[in-house]
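In the numbering used here, the protein residues as written are 42 to 172.
Quick reminder that beta carbons are idealized off the backbone N, C-alpha and C, glycines included.
A short worksheet on the structure shown next.
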Amino acid sequence: MSRKRILVGDDRVDFAKENFPYIPDADIDFVDNPEDLVQKARTGNYSIVITDLNYSEDGEEGYQVLERISDIEARKILWTGNAHEEGVRQRGRSLGAEVLDKNELGSLVGQTVSEAPFKQKGKVLIYARNG
């Protein structure tokens, strides 16, 4: 089974690392700014790219990230606390991304790697389908 490669961008990278579920057989990289996210997404052969919407207080840099990586093959996810807002959902989808609330990440990643998540010792475990 090949390892999944996942790239996560969030200005609060410690928060992202703390809240991201454990995924067996996956390599997960974290970056804290949109420029590094775009650069790594273009050069790192990731199967999943997850971006925060806001990297600054008033910014919506996640939209620009999605525009700049629209041509790569990876599954794209906009990860934001504003996912309940219809305008955010519509814009994210129009840019080719699935839109998730930050507390839904475990379930999304479970769907992404094709199996339901399980919890063990407070961590969400996700098992990737073989093949």
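Looking at the structure shown, is residue i part of a helix, part of a strand, or coil, going by DSSP?
i	result
Gly-50	strand
Thr-121	coil
Leu-94	coil
Arg-116	strand
Glu-59	helix
Gln-161	Confidence at Gln-161 is low in this model, with a pLDDT of 48, below 50, so its placement is unreliable and no value can be given for it.
Pull up the CB-CB distance for residue i and residue j, whole angstroms please, since I reckon it's below 8 Å.
i	j	result
Val-106	Thr-92	5 Å
Arg-130	Tyr-104	With a Cβ gap of about 12 Å, Arg-130 and Tyr-104 do not count as contacting.
Ser-111	Leu-141	In fact, because the Cβ distance is near 18 Å, the residues do not count as touching under 8 Å.
Going by beta-carbon coordinates alone, are residue i and residue j separated by less than 7 Å?
i	j	result
Asp-73	Arg-44	no
Pro-62	Glu-102	no
Ala-82	Phe-71	no
Val-79	Arg-109	yes
Where do the ends of the beta strand (DSSP E) carrying residue i lie?
i	result
Ala-67	67-72
Leu-141	138-141
I'd like the span of the alpha helix (DSSP H) that includes residue i, first residue to last.
i	result
Glu-102	102-109
Ser-135	127-135
Arg-83	75-84
The region 92-105 / the region 43-62 touching (three or more Cβ pairs under 8 Å): Short answer: they touch.
Is it the case that the region 74-93 contacts the region 115-135, given that we only count it when at least three CB pairs across the two stretches are under 8 Å? Output reads yes: the region 74-93 touches the region 115-135.
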